[in-house]
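J.:
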Amino acid sequence: MLPQRNEVLATPIGDQVPHATTIVAATFAGGVIMAGDRRATSGNIISQRDVEKVFRADDYSCMGIAGTASTGIEFARLFRVELEHYEKLEGRTMSVAGKANRLATMIRGNLPMAMQGLVVVPLFAAYDPDKDEGRIFSYDVAGGPYERERFDAIGSGSIFARGSLKKLYRDGASADDMTMTLIQALYDAADDDSATGGPDVTRKIWPIVSVIDADGFRRLSEDQVSDYVEQMLEARLISPDGPIAPLR
1 MLPQRNEVLA TPIGDQVPHA TTIVAATFAG GVIMAGDRRA TSGNIISQRD VEKVFRADDY
61 SCMGIAGTAS TGIEFARLFR VELEHYEKLE GRTMSVAGKA NRLATMIRGN LPMAMQGLVV
121 VPLFAAYDPD KDEGRIFSYD VAGGPYERER FDAIGSGSIF ARGSLKKLYR DGASADDMTM
181 TLIQALYDAA DDDSATGGPD VTRKIWPIVS VIDADGFRRL SEDQVSDYVE QMLEARLISP
241 DGPIAPLR
């Protein structure tokens with residue numbers, strides 16, 4: 001006997017579109033770094049292996065997206081245009097708090113779509129010239145901005161990445177050391193979360209890594225990221241679970 005119509009479970013629309021997964025960010029001495037894996041999934045299917053999830057917002061800020069990939073990419077584009085528009089009108093850049101609150105308003109406006117499964121949760125990072133330090137903001141689906149100290153992670157692999165960062169993060173670390181820390185955290189996330197993609201050595205697909213400090217936003221080249229990945233993989237051949245944090 002065939003099931004009645006009201007007994008058939010429809011697949012939510014949010015499960016049918018590609019989703020971006022894991023983004024990590026951490027502050028270092030004089031700035032902030034954000035990194036993201038490259039995998040997008042549709043349910044249990046890998047829909048894209050080289051999607052970009054970390055975007056430049058302006059000269060001193062960036063955002064990473066987790067959730068519905070198409071909506072997140074559109075958010076990033078609109079956010080960048082709004083910051084450029086403000087700068088042209090006012091003749092100065094918006095404050096870090098102003099940028100974080102503006103992004104919160106955009107997320108809040110997407111709430112009806114989020115209720116239908118098209119959820120986007122960004123991670124925002126910026127260099128604050130007034131404090132000479134990096135700042136990190138995360139959000140909920142209703143747009144509430146929450147400033148995070150030291151580091152944060154979003155996406156399906158965030159619980160594993162955040163656990164890795166808790167052990168490996170060091171206050172006052174250099175940009176070089178913090179970049180390696182984030183590469184390690186993404187690898188740990190991919191090790192335990194099937195929706196997070198690790199570095200693809202055969203296809204030469206590496207994580208995206210962006211650094212923001214007093215000199216502005218810069219994205220590391222693929223050659224630069226591959227060097228970090230190769231160092232990390234070599235060490236993992238000896239210690240598969242990664243570096244051990246000292247107890248004292």
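When you number the sequence shown by full-length UniProt numbering, it's gap-free, plus one each residue, and the end is 248. The C-beta atom is built at its ideal place from N, Cα and C for all residues, glycine as well. Owing to the predicted nature of the structure, the values given are computational and were not obtained by experimental measurement.
Closest to residue 246 by CA distance: which of 169, 204, 173 and 228 is it?
T.: Reading the sequence shown from its first residue, position 246 is the one you call residue 246. Residue 169 is the option with its Cα nearest to residue 246.
J.: Can you look up residue 188 in the DSSP assignment and give me helix, strand or coil?
T.: Walking along the sequence shown from the start, residue 188 turns up at place 188. Looking at residue 188 - three-state DSSP - the assignment turns out to be helix.
J.: State the DSSP-derived secondary structure class of residue 112, mapped to helix, strand or coil.
T.: In the sequence shown, residue 112 corresponds to position 112, counting from 1. Helix.
J.: Does the distance from the C-beta atom of residue 69 to that of residue 18 stay below 7 Å?
T.: Mapped onto the sequence shown, residue 69 falls at position 69. Mapped onto the sequence shown, residue 18 falls at position 18. Cβ atoms of residue 69 and residue 18: closer than 7 Å.
J.: Report yes if the C-beta distance between residue 27 and residue 155 is below 7 Å; otherwise report no.
T.: Counting from 1 along the sequence shown, the entry for residue 27 is found at position 27. Counting from 1 along the sequence shown, the entry for residue 155 is found at position 155. Not a contact, by the Cβ cut-off of 7 Å.
J.: Between the C-alpha atoms of residue 225 and residue 208, what's the straight-line distance to the nearest angstrom?
T.: Working through the sequence shown from its first residue, we reach residue 225 at position 225. Working through the sequence shown from its first residue, we reach residue 208 at position 208. Looking at the two C-alpha atoms, the distance is approximately 8 Å.
J.: Curious, which full-length beta strand (DSSP E) runs of at least 3 residues does the stretch 22-51 contain?
T.: Complete beta strand (DSSP E) runs here, min 3: 23-28, 31-36, 40-42 and 45-48.
J.: Between 186, 49 and 103, which has its C-alpha nearest residue 58's C-alpha?
T.: Taking the first residue of the sequence shown as position 1, residue 58 is located at position 58. Ranking the options by Cα distance to residue 58, first place goes to 103.
J.: By Cβ distance below 6 Å, which residues in the same chain neighbour residue 127 in space, the five residues on each side in sequence not counted?
T.: Numbered from 1 along the sequence shown, position 127 holds the residue referred to as residue 127. Excluding sequence neighbours, residue 127 sits near 31, 60, 134, 212 and 213.
J.: Give me the Cα-Cα distance between residue 4 and residue 115, rounded to the nearest whole angstrom.
T.: Translated into the one-based positions of the sequence shown, residue 4 becomes position 4. Translated into the one-based positions of the sequence shown, residue 115 becomes position 115. Reliability fails at residue 4, whose pLDDT of 47 lies under 50, so the model's placement of it is uncertain and no value is given.
J.: Which value, in whole angstroms, describes the spacing of the CA atoms of residue 136 and residue 237?
T.: As a working note, residue 136 is residue 136 in the sequence shown. As a working note, residue 237 is residue 237 in the sequence shown. Between residue 136 and residue 237, the C-alpha separation is close to 33 Å.
J.: Helix, strand or coil for residue 94, going by three-state DSSP, please let me know.
T.: Counting from 1 along the sequence shown, the entry for residue 94 is found at position 94. Residue 94: coil per DSSP, three-state reduction.
J.: Could you check whether residue 160 and residue 192 sit closer than 7 Å to each other, using their CB atoms as the reference points?
T.: In the sequence shown, counting from the first residue as 1, residue 192 sits at position 192. In the sequence shown, counting from the first residue as 1, residue 160 sits at position 160. Yes; because the gap between Cβ atoms is below 7 Å, this pair is in contact.
J.: Residues in its own chain within less than 6 Å of residue 165 by CB, not counting five upstream and five downstream?
T.: If you number the sequence shown from 1, residue 165 lands on position 165. Once the five neighbours on either side are set aside, the close Cβ partners of residue 165 are 151 and 185.
J.: Roughly how many angstroms lie between the CA atoms of residue 199 and residue 232, to the nearest whole one?
T.: In the sequence shown, residue 199 corresponds to position 199, counting from 1. In the sequence shown, residue 232 corresponds to position 232, counting from 1. Computed Cα separation, rounded: 10 Å.
J.: Ordered along the chain, which non-local residues of its own chain (more than five positions away) have a Cβ less than 8 Å from that of residue 222?
T.: By one-based count along the sequence shown, residue 222 stands at place 222. Hits under 8 Å: 204 and 206.
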